[in-house]
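Chains as they are written, first to last, in our numbering: chain A, 18 to 650; chain B, 3 to 459.
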Amino acid sequence: MSDATAMTTRRAATPAPPESRSNSGPEVASPAAVDTLAAAMVDALAVAWTTYRVYADPRPQDAFRRAVATLGTPPGFPWIAAVHSSGFRFDGRPIPTRRQAASTLTRAAFARGIAALGFSSPPTPDDLLCLFEVISQRQGSTAEAPGPTAALAAKGAATVIIIEHGRLRQVSEERGHDGTADAAEDSAHPSDAQSGDPARRYLDEYRLLYERLRAGGLPGLQELVHDFTDCFFALPRDQQIRLFEQFLARHEEEPFRLLLDQFSQDDLAELGRLLSPGTHPLLVEYARIAAEQEGQSGDAAHMLSVEQLVAGRISGLLPSAGEAVRRQLGDALRAQIPGPEGNFAAATAAADVILSLANEAGYIRVARAVAAKTTAAVAEGDLRRAAAWGHVLLSGAPSRERKEVVRREVEDALRPEILDRLFTATELTADLPPTLVTLLTLFGLDPIIECLAAEEDMGRRRSLVSFLTSAARTRPGPLIRRLNDPRWFLVRNLVDALAHSGRTEAAAGVRAACSHPDSRVRREARRALPLLDEAAGTAAAIEGLQDREPGLRLQAIGLLRTAPAPDVERGLAALLASRPAREERLAAVTLLAARRTQEAHTLLLRLARRRPFARRARRDTRRAAREALAGRS
Amino acid sequence: MREGETGALLTALRRAATLHRLYGSHHPLTDISLTEAARAADVLAEGEPAQLTIIDGSLYVNRALLPMASLSHSGFLQTILDHGVTSVTLVPPVRVEDLAVLTATLAGDSPEPPTAGSVRLNEDNLAPAQRDEPRDERRMAYTATLDLLRAVSLAVVRREQVSLSEATAAVRTLMDLCLDDPAAALLLSTMKNHHEYTFFHSVNTCILTLMIGQAAGLDRDDQILLGMGALLHDIGKVGISPSVLQHPGRLTPEMWKEIKQHPQMGAEAVLLASEPGQEVVAVVALEHHARYDGSGYPNLLYFEEPPAHTGSPGAAAHPLHLFTRLTAVADGYDAVTSRRAYRRAATPPRALRVLLDGAGTMYDPDVVHAFIDVMGEFPPGSLLRLRGGETVLVSRPAGDPDRPVPALMMIDAAGRRLSQPEPLSFHPGEVAAYLTPERAGVTPALILEHAGPAGVD
Numbered sequence: 018m019s020d021a022t023a024m025t026t027r028r029a030a031t032p033a034p035p036e037s038r039s040n041s042g043p044e045v046a047s048p049a050a051v052d053t054l055a056a057a058m059v060d061a062l063a064v065a066w067t068t069y070r071v072y073a074d075p076r077p078q079d080a081f082r083r084a085v086a087t088l089g090t091p092p093g094f095p096w097i098a099a100v101h102s103s104g105f106r107f108d109g110r111p112i113p114t115r116r117q118a119a120s121t122l123t124r125a126a127f128a129r130g131i132a133a134l135g136f137s138s139p140p141t142p143d144d145l146l147c148l149f150e151v152i153s154q155r156q157g158s159t160a161e162a163p164g165p166t167a168a169l170a171a172k173g174a175a176t177v178i179i180i181e182h183g184r185l186r187q188v189s190e191e192r193g194h195d196g197t198a199d200a201a202e203d204s205a206h207p208s209d210a211q212s213g214d215p216a217r218r219y220l221d222e223y224r225l226l227y228e229r230l231r232a233g234g235l236p237g238l239q240e241l242v243h244d245f246t247d248c249f250f251a252l253p254r255d256q257q258i259r260l261f262e263q264f265l266a267r268h269e270e271e272p273f274r275l276l277l278d279q280f281s282q283d284d285l286a287e288l289g290r291l292l293s294p295g296t297h298p299l300l301v302e303y304a305r306i307a308a309e310q311e312g313q314s315g316d317a318a319h320m321l322s323v324e325q326l327v328a329g330r331i332s333g334l335l336p337s338a339g340e341a342v343r344r345q346l347g348d349a350l351r352a353q354i355p356g357p358e359g360n361f362a363a364a365t366a367a368a369d370v371i372l373s374l375a376n377e378a379g380y381i382r383v384a385r386a387v388a389a390k391t392t393a394a395v396a397e398g399d400l401r402r403a404a405a406w407g408h409v410l411l412s413g414a415p416s417r418e419r420k421e422v423v424r425r426e427v428e429d430a431l432r433p434e435i436l437d438r439l440f441t442a443t444e445l446t447a448d449l450p451p452t453l454v455t456l457l458t459l460f461g462l463d464p465i466i467e468c469l470a471a472e473e474d475m476g477r478r479r480s481l482v483s484f485l486t487s488a489a490r491t492r493p494g495p496l497i498r499r500l501n502d503p504r505w506f507l508v509r510n511l512v513d514a515l516a517h518s519g520r521t522e523a524a525a526g527v528r529a530a531c532s533h534p535d536s537r538v539r540r541e542a543r544r545a546l547p548l549l550d551e552a553a554g555t556a557a558a559i560e561g562l563q564d565r566e567p568g569l570r571l572q573a574i575g576l577l578r579t580a581p582a583p584d585v586e587r588g589l590a591a592l593l594a595s596r597p598a599r600e601e602r603l604a605a606v607t608l609l610a611a612r613r614t615q616e617a618h619t620l621l622l623r624l625a626r627r628r629p630f631a632r633r634a635r636r637d638t639r640r641a642a643r644e645a646l647a648g649r650s
Numbered sequence: 003m004r005e006g007e008t009g010a011l012l013t014a015l016r017r018a019a020t021l022h023r024l025y026g027s028h029h030p031l032t033d034i035s036l037t038e039a040a041r042a043a044d045v046l047a048e049g050e051p052a053q054l055t056i057i058d059g060s061l062y063v064n065r066a067l068l069p070m071a072s073l074s075h076s077g078f079l080q081t082i083l084d085h086g087v088t089s090v091t092l093v094p095p096v097r098v099e100d101l102a103v104l105t106a107t108l109a110g111d112s113p114e115p116p117t118a119g120s121v122r123l124n125e126d127n128l129a130p131a132q133r134d135e136p137r138d139e140r141r142m143a144y145t146a147t148l149d150l151l152r153a154v155s156l157a158v159v160r161r162e163q164v165s166l167s168e169a170t171a172a173v174r175t176l177m178d179l180c181l182d183d184p185a186a187a188l189l190l191s192t193m194k195n196h197h198e199y200t201f202f203h204s205v206n207t208c209i210l211t212l213m214i215g216q217a218a219g220l221d222r223d224d225q226i227l228l229g230m231g232a233l234l235h236d237i238g239k240v241g242i243s244p245s246v247l248q249h250p251g252r253l254t255p256e257m258w259k260e261i262k263q264h265p266q267m268g269a270e271a272v273l274l275a276s277e278p279g280q281e282v283v284a285v286v287a288l289e290h291h292a293r294y295d296g297s298g299y300p301n302l303l304y305f306e307e308p309p310a311h312t313g314s315p316g317a318a319a320h321p322l323h324l325f326t327r328l329t330a331v332a333d334g335y336d337a338v339t340s341r342r343a344y345r346r347a348a349t350p351p352r353a354l355r356v357l358l359d360g361a362g363t364m365y366d367p368d369v370v371h372a373f374i375d376v377m378g379e380f381p382p383g384s385l386l387r388l389r390g391g392e393t394v395l396v397s398r399p400a401g402d403p404d405r406p407v408p409a410l411m412m413i414d415a416a417g418r419r420l421s422q423p424e425p426l427s428f429h430p431g432e433v434a435a436y437l438t439p440e441r442a443g444v445t446p447a448l449i450l451e452h453a454g455p456a457g458v459d
């Protein structure tokens with residue numbers, strides 16, 4: 018290639034402007050038309066360059082915007098113009114331009130070592146600015162700085178193409194002076210590159226187009242490599258051999274490695290037979306590397322031999338292909354057919370892997386799907402499969418974030434009808450597989466609590482409370498948090514479940530429930546609290562002696578029967594002083610009689626004293642107190 | 003044999019248009035392709051004007067639909083349509099210069115489509131009633147499955163709800179096809195299209211896997227699941243960037259990292275779409291790059307320790323699911339015999355050799371042997387040059403290594419291409435060379451259209 022820039026303009030020379038198609042007949046666009054379009058492009062470049070040099074930020078300027086728009090409409094992409102010291106050239110011809118800035122731009126680009134510039138697609142304003150910034154850099158002051166191509170790439174200007182003189186020279190020098198391979202090529206072809214020799218042209222064109230694509234970010238690389246590979250096989254055999262030897266000699270260079278990679282084992286085998294003995298070992302080595310890349314064994318020599326492949330028939334490599342062997346083989350495979358259970362086991366194991374490999378978004382999607390599969394299995398009454406899917410969710414949630422995802426997805430999937438089915442089908446929690454219990458405990462308590470709130474059937478309510486009781490032994494938190502629920506009946510059930518969970522951290526919540534506005538909750542809470550915290554239970558019961566509901570005051574007296582605290586007597590005294598109903602008074606006296614404390618005795622003595630004009634209730638109390646004292650004596 | 007010549011013409015035209023677009027007209031490489039195209043055009047026209055018409059994405063030559071060319075050149079046909087060309091009339095002798103104007107048009111470089119000379123564009127289109135459209139159910143099944151894959155892929159990319167019910171129906175149809183005429187099914191599985199590699203490869207893998215599944219004695223329900231797994235095994239590739247999938251060389255570590263995501267991405271998509279009982283389809287997608295010896299990717303947690311909670315199918319069972327091991331062999335065979343972004347196609351016997359080399363490491367040896375038993379030493383679709391000089395296409399497995407292999411002679415000993423292939427059985431000892439379809443200039447699947455089921459008997 019004697020003139021690299023001429024090569025760069027070839028592509029740009031052929032397209033015709035869309036608007037000229039209707040007028041210019043079946044022939045390709047005339048050189049004049051091409052020049053006019055090239056001039057418009059260069060004018061636009063010049064305008065953009067001027068605004069870049071005048072304004073700190075030219076992007077808002079109308080002139081800059083118009084120029085960018087014009088640069089986005091060449092006849093085709095990539096559009097590339099050659100850069101000469103005297104100006105831009107297109108198809109080897111100077112581009113006429115009215116803009117003086119065009120010459121300053123080309124001089125600056127030329128000085129920067131740029132041989133050609135253009136666009137792989139409509140340039141963005143930012144990319145155009147990047148190009149100008151690269152061109153504006155003074156070469157002398159940036160000896161350590163990267164070249165224009167690297168600088169442009171660093172700025173991420175994907176739509177801009179620049180080709181450096183250095184790279185073109187490098188190609189030229191390699192061909193002319195470097196390496197034995199090149200020397201061998203030259204000795205075989207002493208004529209100039211433009212001699213029309215297909216193999217030589219092939220190499221030149223391929224290298225140049227490869228460089229051009231690389232400068233433009235490699236769009237269409239596959240097309241280039243495939244087309245050159247296909248063209249290789251259209252060349253005469255002697256040219257193929259010479260070219261292939263060149264490929265092998267340059268196999269460490271990326272462009273030629275790409276070509277070599279394209280050859281199948283059959284191609285390599287066929288070419289291998291035709292190569293000179295000196296080149297053949299290289300081919301074997303290359304084939305070995307290529308085979309290893311594909312995961313095959315490193316013994317590529319046999320792969321390279323067509324004769325061996327033909328001679329060593331496939332059937333000879335197989336065990337004797339008799340009917341007995343065939344039957345044995347069939348039996349062996351049939352024995353491995355997994356069946357529905359095996360398929361299912363494999364699917365859940367795979368789901369485990371999928372979850373473990375998924376990114377955040379994928380994890381959410383898969384967890385949702387697995388949660389849905391879990392509940393679908395419940396809906397079908399297949400609790401064993403539900404448990405297996407549940408296991409996937411449990412094992413696939415190692416972090417707090419992922420646990421939260423699973424919780425959300427399980428909550429969404431546990432629709433009321435699923436829970437209804439779950440607790441109906443299993444006849445209470447006893448039949449639930451442990452994995453499912455764990456899953457529901459860890460991730461499904463809120464929906465179950467909601468289910469309990471909505472459930473009217475007493476039997477199912479009992480089974481739900483029973484489940485919640487066992488779940489609360491592991492995880493009381495969700496139940497405790499719901500003790501503030503406005504629905505009294507729900508709170509009462511939760512208090513019941515918590516009371517039997519034995520988890521002391523629930524005591525504070527239950528203690529608070531002893532002051533619930535609804536007496537039914539207070540009753541349940543006072544009954545439950547001693548199971549979690551005896552002292553707190555006594556205190557709550559003492560408070561209960563002052564409850565506004567007579568029935569609860571009576572309950573409190575009953576709860577205090579064995580309470581050891583001295584506050585009990587004071588509480589009973591206060592109760593008796595509040596003029597309670599006869600039944601409460603008698604119960605209080607009975608309790609005092611049962612307590613062997615000094616305080617109880619003193620209080621009984623006070624109650625037993627005779628008072629004139631006492632009402633009947635008082636008299637009953639006095640009588641009971643006297644009987645109690647008598648019993649003590 | 004119009005499919006063959008039309009295919010050759012389209013291949014040469016596509017290449018010429020690409021070269022023209024890359025570096026203009028009058029280039030030696032462009033000229034080579036144009037000369038090839040002119041030669042194919044003259045053979046196709048046979049002395050009379052021939053019109054190629056694209057209607058509803060299908061290609062017709064005069065009144066005859068060319069289903070194989072429509073399938074295998076679908077991408078280029080769309081490119082032709084995109085440039086406003088709906089028909090090309092070839093008036094022999096077709097001149098290289100006129101074809102050059104056509105390729106310039108297809109490369110976006112010609113201002114006006116040619117309306118005179120030996121190549122004329124958009125002269126006339128066939129009315130629907132004029133079409134002579136064979137309704138070959140095998141081709142239709144293949145096309146329908148391709149369409150299904152395109153739709154599923156689009157839905158996966160868009161994260162839309164995917165249903166596997168249509169995939170079930172498609173697999174059922176292919177399964178019947180494999181049962182009814184195994185030889186024809188194997189020939190059908192030689193359809194290739196580089197531009198839609200993943201889709202064609204998936205359908206081919208499905209057909210081949212079903213063939214092994216039938217040989218292995220799977221029942222109908224299992225075969226459907228197996229077929230679905232094979233059909234969707236590469237569906238995760240829709241999430242891989244085209245620059246990686248189309249990279250024409252060895253992948254960089256970054257590219258490898260991305261490509262290794264596709265099994266799990268595919269498995270995720272399938273798992274999400276699966277109904278109860280279909281989940282095993284996701285297993286195939288997940289495992290299809292895991293090798294028999296435990297290497298490969300992704301890292302399967304259960305390879306070392308089978309899952310305890312579900313109970314494995316048996317103590318002796320291999321950690322990889324049988325469906326995966328069946329699919330992997332078919333997958334490998336079709337991949338080696340297809341043109342990839344990074345490698346040209348290899349011959350079927352070479353692919354069998356690759357499978358045998360990988361038996362016990364990459365592939366389950368039992369499955370490899372079962373596969374070769376199904377395909378025969380010379381798989382249907384293999385193109386061979388015999389010692390006598392004839393080029394033959396294997397039409398069905400021999401059944402016994404010592405019996406003659408049924409084949410069709412495509413090119414005679416004198417190098418003449420036969421317009422109607424002639425039956426010619428051969429003994430394995432007569433084979434001189436293996437050929438790829440590309441090198442032989444023959445599309446094996448065309449035999450189905452030309453000879454029908456009887457032609458391969």
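Where is the CB? At the ideal position from N, CA and C, for every residue including glycine. The structure displayed is predicted, hence computed values, not measured ones.
At what residues does the alpha helix (DSSP H) containing Ala266 of chain A begin and finish? Residue range Arg254 to Ala266 is occupied by the alpha helix (DSSP H) that includes Ala266 of chain A.
Residues, ordered as in the chain, of the stretch 257-284 of chain A that lie near chain B by beta-carbon distance below 7 angstroms: Within the stretch 257-284 of chain A, the residues whose Cβ lies closer than 7 angstroms to some Cβ of chain B are Arg274, Leu275, Asp278, Gln279, Phe280, Ser281, Gln282, Asp283 and Asp284, listed in chain order.
So that I know if they touch, is there some Cβ in chain A lying closer than 8 angstroms to that of Pro309 of chain B? With a pLDDT of only 47 at Pro309 of chain B, under the threshold of 50, the placement of this residue in the model should not be trusted; the figure read from the coordinates follows. Judged by the 8 angstroms Cβ criterion, Pro309 of chain B is in contact with chain A.
Reduced DSSP secondary structure (H/G/I, E/B, other) of Ile381 of chain A: Residue state, collapsed to three classes: helix.
Taking 7 angstroms as the cut-off, is the CB of Asn501 of chain A close to at least one heavy atom of the ligand FMN? Within the structure as shown, the ligand FMN is missing, as the structure has no ligands at all.
So, helix, strand or coil for Met193 of chain B, using DSSP? It is coil, neither helix nor strand.
Where the stretch 354-382 of chain A meets chain B: residues whose CB sits under 8 angstroms from a CB there: Shown in chain order are the members of the stretch 354-382 of chain A whose Cβ falls below 8 angstroms from a Cβ of chain B: Ile354, Pro355, Gly356, Pro357, Glu358, Gly359, Asn360, Phe361, Ala362, Ala363, Ala364, Thr365, Ala366, Ala367, Ala368, Asp369, Val370, Ile371, Ser373, Leu374, Ala375, Gly379 and Arg382.
Decide if the stretch 349-360 of chain A is in contact with the stretch 240-256 of chain B; the criterion is three or more beta carbon pairs, one per stretch, under 8 angstroms apart. Segment contact: the stretch 349-360 of chain A against the stretch 240-256 of chain B, fewer than three CB-CB distances shorter than 8 angstroms; contact not assigned.
Going by other Cβ atoms of all chains shown within 10 Å of its Cβ, with 16 needed for buried, is Pro446 of chain B buried or exposed? Buried: at least 16 other Cβ atoms inside 10 Å.
Is Gln266 of chain B close to chain A, meaning its C-beta is less than 8 angstroms from at least one C-beta of that chain? Yes, because at least one Cβ of chain A sits closer than 8 angstroms to the Cβ of Gln266 of chain B.
Rounded separation between Glu270 of chain B and Ala146 of chain B - CA only: CA-CA distance, Glu270 of chain B to Ala146 of chain B, rounds to 24 angstroms.
What do you get for Asn206 of chain B, buried or exposed, if any count of 16 or more other CB atoms within 10 angstroms of its CB means buried? Buried.
Should the stretch 247-263 of chain B be regarded as contacting the stretch 271-286 of chain B, the criterion being three or more beta carbon pairs within less than 8 angstroms? No, because fewer than three Cβ pairs between the stretch 247-263 of chain B and the stretch 271-286 of chain B fall closer than 8 angstroms, the two stretches do not touch.
Using only the alpha-carbon positions, how far apart do Ala611 of chain A and Ala642 of chain A sit? Rounded to whole angstroms, the gap between the alpha carbons of Ala611 of chain A and Ala642 of chain A is 11 angstroms.
Let me see if you follow: with CB-CB separation under 8 angstroms, is Gln248 of chain B close to chain A or not? For Gln248 of chain B, the answer is yes, since a Cβ of chain A falls inside 8 angstroms of its Cβ.
Which of the three DSSP states is assigned to Phe373 of chain B in this structure? Three-state DSSP puts Phe373 of chain B in a helix.
So that I know if they touch, is there some Cβ in chain A lying closer than 8 angstroms to that of Ile209 of chain B? Answer no: the Cβ-Cβ gap between Ile209 of chain B and chain A never drops below 8 angstroms.
What does a CB cutoff of less than 6 angstroms around His408 of chain A pick up in its chain, not counting 5 residues either side in sequence? Closer than 6 angstroms at the Cβ level, and outside the excluded window around His408 of chain A, lie Thr452.
State the Cα-Cα distance for the pair Val496 of chain A and Gly334 of chain B, rounded to the nearest angstrom. It is Leu, not Val, that sits at residue 496 of chain A in the sequence shown. For the pair Leu496 of chain A and Gly334 of chain B, the Cα-to-Cα distance works out to about 56 angstroms.
Opening and closing residue of the beta strand (DSSP E) in which Glu150 of chain A lies: First-last for Glu150 of chain A: Pro142 to Ser153, but that is the alpha helix (DSSP H), not the beta strand (DSSP E).
Between B:Arg41, B:Ala18 and B:His29, which lies nearest to Gly443 of chain B when the distance is taken from Cα to Cα? Minimum Cα distance to Gly443 of chain B is reached at B:Arg41.
For Gln104 of chain A, report the span of its alpha helix (DSSP H) as first-last. Note on identity: in this sequence residue 104 of chain A is Gly, with Gln being the wrong assignment. Taken as a continuous stretch (DSSP letters only), Gly104 of chain A belongs to no alpha helix (DSSP H), being part of the beta strand (DSSP E) at Gly104 to Phe107.
Do you know how far the Cα of Pro142 of chain A is from the Cα of Arg82 of chain A? If I take the Cα positions, the gap works out to 8 angstroms.
What would DSSP say about Lys444 of chain B, mapped onto helix, strand or coil? In the sequence as displayed, the identity of residue 444 of chain B is Val instead of Lys. In this structure, DSSP gives Val444 of chain B a state outside helix and strand, which the three-state scheme calls coil.
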